[in-house]
Every structure is written in C-alpha cells, then in structure tokens.
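Below: the structure, in structure tokens.
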Amino acid sequence: MNSIRARLLVWLIGSLLLASLLASALTYEMAWRGFNTMRDYNLEQIAYSIVRHDTQDWLADQPEPEPVAPTSEAAAGDPTQNPDQAQDEGQFVSQIWTTNGRLIYSSLTDTGPALQEPGLHQVEWDGTLWRTYTLHDRERVIQVSNLAERRWRAFLDYVPSLLAPLALLLLLLGFLISAAVSGALQPLRRLRDEIGARDVALLSPLDPLEMPDEIQPLVETLNQLLAKVERLLTTQRSFLADVAHELNTPLAAIKLQVQLAQQARATGQPIVLDDLEAGIERSVHLVAQLLQMARLEPDARPLEPQAVELERMARERVLAFLAQAEQKDIDLGLESEGPLEVHGDPQQLRVLFDNLIDNALRYCPTGARIDVRLRQDDGGTVIEVADNGPGIVEADKARVLQRFVRLRPADTTGSGLGMAIVRQIAEQHQASLSLLDTPGGGLTVQVLWPASGQT
C-alpha cells in the first residue's frame, strides 16, 4: 500500500472503528446495568407498595390456602397451560409469607421461587432464572420476582435505539475523515501538477509560501534540485557551444587544406600536407580532451579509488612525453623523494599527469626545462610540475582554470581544456590545486593531497 491517502484512511477509520467498538461495549454495559438497576428498583417499589396496602386483616379472614401441587413439572413451568399465569410471569410475581415461613399468598397457582434472605437475589426455580427482592415486615415477609429472561428480552428491545445514534455518528465521522484527508492532500496534488507542467525551458522555483508547513522543506529541496538542473543545463549548453566553436576552426582549416591540396594536384604543383597534418593533430587533441572532460562529469563514471604509487606512474608518463620534449629540445625530468602513495583513481591520475606535462610542453619555448616533482609535505603528498617558461600573470591564474581559455592562442595549438581537466580531477580527489610562480621565472602547478587522502 503505497498511497498516503489509503494509509491515512486505514489508520483513521480503523481507529474510529476501534473507538466505536469500545464505546459501544461501554454503552451497552452501562445501559444494561442501568436497566437492571431500574428493574430491581421496580421490584423494591412493588414490595413496599404491598406493605403500604394493608392486607393483613384481609389475609387473616381468609382460610389457609392448601398447597396446590402442579400436575407435572412441565405444566408448572409452561405458561401456555395457564394464560393468566403467563401474563403474571411476564410482569411480576408476588408472594407473602408469615414470619415463621408459611406461604399465605402467591400470585402464581403454585408456590413460586423459594423464600430468600432480605434484599436482591438471583435464584433458579423450575429450570429458569428469577430475580427476586425480599422485604421483611413486622408480621410478614413479602417477596417480588420476575423472570431474568424476560428482563433480557425487554432490554434487547432498547438496544437498537441505543446503537442507532452511534452508527449514524460513525458514518458521519467516516465521511468527514475521508473529506478531510482528501483536502489535506490537495497541496500535494497541486505540487504534482506544478512540477508536471514544467519542462527544460521552465525551471523557475516553486513558491513554498503557498504550501503547508510540512511540505515546505520538500518544496525547498525541489527548488534546490531545479537550480542544480538549471545550472547543469546552462553549463552543458555553454560547453556544447564552446565545443562547436572550437571544432569549427580546425575543421575549417582541414577543409581548406584539403581544397588547396586538390587544387595543387589539379595544376601539377607539389602537395604540402604539413598544415593539414597540424590541423588534424589539433582536432584529434581537442576531441581527446573533450572525451576526458565528458568522462569527468559526476554521473559519467564513478571513481574507483585505490592505492596508487605516484613515483611509478610519474616515471611512466614522463617517459611517454620524452620524444615530444626532445623535438622541442626541452629538458623533461623527474624528481622524487621516494615511493609515495595516494588513494585515488589510477585512470584519472594518469590523465592529470598527462595534462600537466602536455600543457607545460605546449607553452614552454625551445630549450626550456620542465621538472616533475614528488615530495612529502607536512600537510600531505605534493605533485608539482615546474617550468621556466613565460609563466602566467596573477590576474590570469583564475581564468586559465576555466574551459576553453587560452592566454596566447596565436602561439600554441592547445584547446584550453588542459588546466580545467586538472582542476576537476583535483576536486574529485579532494586535493587542492595551486598555480605558483617558479623562482627565476616560469609556472609551477602544485596539487596537494591532504593527509587524509594518503595511504
């Protein structure tokens, strides 16, 4: 049962039914006791009424009644054998004894229930239960009785009138509870309709003031999610626009070089493919970095952290770029204080080394020096890539970490994504990225793993 409305109705109406059953049982018990008390009081009043009507003289003048034995127990206990007796049993049976226990009067043809002690009693006579009240006077004893079964049947006649208002109240409360639950859940339905009416072009926040207090935290959370989605879509649109712009230039250059090559072939001139090769290389590099950026998106690929030996990975990446460094006569080397380990994703750390070294090689002039350093600091493990190239002025250090930002686009063939990729990898590994000035000139990129990120 996943419906809030159904759960509320089950709990509320179930509680109402349980309370109604308890109230019905309590009402029934109190009404039964009150009915018995009233009937017992009637027996007592009849007994006192007989006392007030002085029948002693009349009884004294009457001959002593001879006991009348019933022909059979069935005849004695069967009111159909005597209609007057049946009518009398349906109301009350009165008996009068002398103080020495001699029955001198009975409204029944036979003796009736046996004489009891003063007060109220429930006795069994002739196979049936009787309720009796016995009153001792000065010279006589009066006992008034009636059938318990008749009392029970008389009470059952009143039960429907007692329970009918309760049943009507139960139906009314059930209807009101159902209406109240539907009304209370109306803000959720309105919230559902408002969210359903939104699309990618309409991500404005919801108004929490129009919602009940219980729903306002949910609305605020939804507004935060809508804001995140809007920022993500804005970033993606901007990224796609930048990608289209950045790819347009090398692709247009490639197309132009192909057209020039076709013209040279048609005229019999020598075909020069150096520019075409450079354009293709730039496009390949841009596409590779775009793929790296796509893989670094939070939902694209989860991190697979493990213990990574930085010295071995750094040596491997330096060796991979040695040929490119030799082409520009750049001294590329590795300095390490010894085996160092961090807890991170090996694939992303490999990309981090590649972009740091590649970025330094692209911006350093011929004959420069690039040092990849690994060392242990008081605050953790440090990776540094230092060069003695042109460096970056302080005002541009924040800009260079953004996507598609190239400080000297005419001098390099970069795409402006290298440092943005490094920044994103550092953030995902909870490491800090700093751009420092190399003593004597140049740029030093420092990535610091805190002590908690070490193994």
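So for the sequence shown, the numbering used here puts the first residue at 4; every next one is plus one. Glycine included, every Cβ here is placed at the ideal spot set by N, Cα and C.
Please confirm whether Val385 and Leu279 have their CB atoms less than 7 Å apart. no
Check whether the Cβ atoms of Leu335 and Ile283 lie closer than 7 Å to each other. Not a contact, by the Cβ cut-off of 7 Å.
Any beta strand (DSSP E) of 3 or more consecutive residues that is wholly inside the stretch 128 to 160: 131 to 139 and 143 to 150
Measuring CA to CA, which of Glu152, Arg285 and Asp129 is closest to Ala255? Arg285
Would you mind sorting Thr135 into buried or exposed? The rule is 16 or more other CB atoms within 10 Å of its CB. buried
Boundaries (first-last residue) of the beta strand (DSSP E) holding Arg376: Arg372 to Asp380
Expressed to the nearest angstrom, what Euclidean distance is found between the alpha-carbon atoms of Ser75 and Ala157? Here the model assigns Ser75 a pLDDT of 35, short of 50, so the residue's position is not dependable, and the following value carries that caveat. Roughly 29 Å separates the two Cα atoms.
Quick one: complete alpha helix (DSSP H) runs, 4+ long, within the stretch 325 to 410? Those alpha helix (DSSP H) runs which fall completely within the stretch 325 to 410 and span 4+ residues are 325 to 330 and 349 to 366.
Sequence-distant residues of its chain with Cβ nearer than 8 Å to Thr447 (five each side left out): Here the set comprises Glu387, Val388, Ala389, Asp390, Leu438, Leu439, Asp440 and Thr441.
Rounded to whole angstroms, what's the CA-CA distance from Leu229 to Leu206? Just pull it up for me. Roughly 6 Å between the two C-alpha positions.
Where Leu254 sits in the DSSP three-state scheme: In the structure shown, Leu254 sits in a helix (DSSP, three-state: H, G or I).
Could you work out which residue in Val396, Ala434, Asp43 and Val54 is closest to Gly122 when comparing CA atoms only? Asp43
What residue ranges within the stretch 171 to 252 form continuous alpha helix (DSSP H) runs of no fewer than 4 residues, ordered along the chain? 189 to 199
What's the call for Arg315, buried or exposed, on a 16-neighbour Cβ count within 10 Å? exposed
Give the single residue among Arg378, Gln227 and Asn39 whose Cα lies nearest to the Cα of Glu338. Arg378
Distance between Asn149 and Asp129 (C-alpha atoms, nearest Å): 13 Å
For Val311 versus Pro349, is the C-beta distance shorter than 7 Å? yes
Measuring straight from C-alpha to C-alpha, what distance separates Tyr454 and Glu307? Residue identity differs from the one stated: residue 454 is Ala in this sequence, not Tyr. Distance between the alpha carbons of Ala454 and Glu307: 19 Å.
Which same chain residues, not among the five before or five after Trp14, have their C-beta less than 7 Å away from its C-beta? Annotation for Trp14: no residue places its beta carbon closer than 7 Å to its own, counting only its chain and skipping 5 residues before and after.
Spatially closest choice to Leu194 from Leu179, Asp210, Ile180 and Ala183, by CA coordinates: Asp210
Quick check: the Cα distance between Leu20 and Leu11, rounded to an integer number of angstroms? 14 Å
Given a threshold of 16 other Cβ atoms within 10 Å of its Cβ, counted over all protein chains shown, does Gly392 qualify as buried or as exposed? Result: buried.
What's the gap between the Cα of Leu500 and the Cα of Leu263? What is shown of the chain runs 4 to 458, which leaves residue 500 out entirely.
For Leu294 versus Leu313, is the C-beta distance shorter than 7 Å? no
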